[in-house]
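Since the structure comes first, as structure tokens, the remarks are kept for the end.
Protein chains: 2
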Amino acid sequence: MDSSNASLVGAGAEPASSRIQQIMSVAGQIFAKKGYDGTSMREIAEACDISKALLYHHFKSKEEIYSRVVVDSGKRLYDYVDAQVAAQTSPTEKLRAFMVSSANYFEENRWGWIAAASAFWNETDSETRDERIARRDRYEHQLRDILQEAVDKGEIRPEVDVAMAGRLVLSSINWMYRWYKPEKQMKAGEIAEAYFEMIFEGLRLRD
Amino acid sequence: MDSSNASLVGAGAEPASSRIQQIMSVAGQIFAKKGYDGTSMREIAEACDISKALLYHHFKSKEEIYSRVVVDSGKRLYDYVDAQVAAQTSPTEKLRAFMVSSANYFEENRWGWIAAASAFWNETDSETRDERIARRDRYEHQLRDILQEAVDKGEIRPEVDVAMAGRLVLSSINWMYRWYKPEKQMKAGEIAEAYFEMIFEGLRLRD
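Here it is, written out as structure tokens:
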């Protein structure tokens, strides 16, 4: 059974790239629920309805899948957000772009994001963890720089604590992994737009 | 060794209540990291540096500890927040009280809170889960009622989406479990005050 399944790939029954996408998506869901240690190659193969041999044909180890799903997904987030922010001129528009592009990215890579978010408590490979935390720090600093620029240019009130404002913005985006359902009416990017509007303008009715 | 440790309690070497507090706090940390299924009574006993017999002297099962740490802690949150909100008259002050009291409660019950938050992905007992979700719904509805009242009384802009504003407020509080360190300068309640001020007044500098 293993060999016949493996030969499917050779026969080109399905493009490898869509198979790889499927494996990464399914593995992301399992990593998200069970963590790295709690997930086995066998479980991933079964959930994909493929043989272990075929799984190993595409990925040489569980670590490689995890790395592709969680680590690479994190790297691409920062490149993507960077590009969206760089396309804006005013710091307020940069803030909006930061929030909306982060949310869009989350929507496109939901299970990788959730796996990365859940990894927080159970990640064991300290090198992966250090790398991920260093990237996370850069991302958070980018946000603070945008907020500070907005204060410096008179777009944000000078009494606003930039570090706290950054926490608030990130909380709104980060918490989405816990409640957002793509099948519901709003897209993640629209939710981020609404958050941006509320945080920037405030809830208060002014006379 | 089991029996000599167990007899310590009988001899009153340490008040049971502080021992129970210790067990609940330690167990909360382990549940937070490993989930209910991944945690054993043996592990809790070892982490408390007590015998399993002594642990069973205080709690008849892992389920009982989990229930005390996670479920009871959730129940007390809602009672506590309810009381703080009820002491306010204006909806804006109710919103502030909701946020600050939730954060204060989180600070006092941090590991139980984290265990409950982490349980989201791995809780197996569906009865506990249903009960917890029903309470969570009441809590979220209470917040929306406060926000709707604030709109109705002209304290919050009528174009604000009350459901989205509720999500934003809860995101700010809920995400704290992932980054808040009690040893740092600000208390959780002060952070919630700062969030309230930013969300209510907005970041924007007005002429």
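If you're matching them up, the sequences are chains A and B in order. In terms of UniProt numbering, the first sequence opens at residue 1 and continues consecutively. In terms of UniProt numbering, the second sequence opens at residue 1 and continues consecutively. Cβ atoms here follow ideal geometry from the backbone N, Cα and C, with glycine treated the same way.
Neighbour flag for residue i against chain A, beta carbons, 8 Å
i, result
"residue 30/B", "no"
"residue 201/B", "yes"
"residue 77/B", "no"
"residue 175/B", "yes"
"residue 40/B", "no"
"residue 56/B", "no"
"residue 233/B", "Given a span of 1 to 207 for chain B in the structure shown, any question on residue 233/B remains unanswerable."
Neighbour-count burial assignment, residue i, 16 or more Cβ in a 10 Å radius
i, result
"residue 58/A", "buried"
"residue 206/B", "exposed"
"residue 166/B", "buried"
"residue 84/B", "buried"
"residue 91/A", "buried"
"residue 45/B", "buried"
"residue 110/A", "buried"
"residue 75/B", "exposed"
"residue 62/A", "buried"
"residue 50/B", "buried"
"residue 134/B", "exposed"
"residue 39/A", "buried"
"residue 60/A", "exposed"
"residue 94/B", "buried"
"residue 86/B", "exposed"
"residue 73/B", "buried"
"residue 17/B", "exposed"
Proximity below 8 Å, CB of residue i to CB of residue j
i, j, result
"residue 106/A", "residue 194/A", "no"
"residue 56/A", "residue 113/A", "no"
"residue 149/A", "residue 170/A", "no"
"residue 192/B", "residue 103/B", "yes"
"residue 19/A", "residue 78/A", "no"
"residue 43/A", "residue 30/A", "yes"
"residue 69/B", "residue 115/B", "yes"
"residue 168/A", "residue 172/B", "yes"
"residue 162/A", "residue 136/A", "no"
"residue 200/B", "residue 204/A", "yes"
"residue 160/B", "residue 99/A", "no"
"residue 97/A", "residue 65/A", "no"
8 Å Cβ cutoff, residue i in contact with chain B
i, result
"residue 198/A", "yes"
"residue 204/A", "yes"
"residue 36/A", "no"
"residue 172/A", "yes"
"residue 121/A", "For residue 121/A, the pLDDT reaches just 48, beneath the cut-off of 50, and the residue's location in the model is therefore unreliable, although a value from the coordinates is still provided. Answer yes: the Cβ-Cβ gap between residue 121/A and chain B drops below 8 Å somewhere."
"residue 20/A", "no"
Cβ separation of residue i and residue j, assumed to be a contact under 8 Å, to the nearest whole Å
i, j, result
"residue 71/B", "residue 131/B", "7 Å"
"residue 118/B", "residue 35/B", "7 Å"
"residue 175/B", "residue 175/A", "5 Å"
"residue 41/B", "residue 52/B", "6 Å"
**Prompt:** Any residues in the segment 137 to 148 of chain A with a beta carbon nearer than 7 Å to a beta carbon of chain B? Which ones, in chain order?
**Reply:** none
**Request:** Mind checking the segment 155 to 169 of chain B against chain A and listing, in chain order, the residues whose C-beta falls within less than 8 Å of any C-beta there?
**Result:** 155, 156, 157, 158, 160, 161, 164, 165, 167, 168
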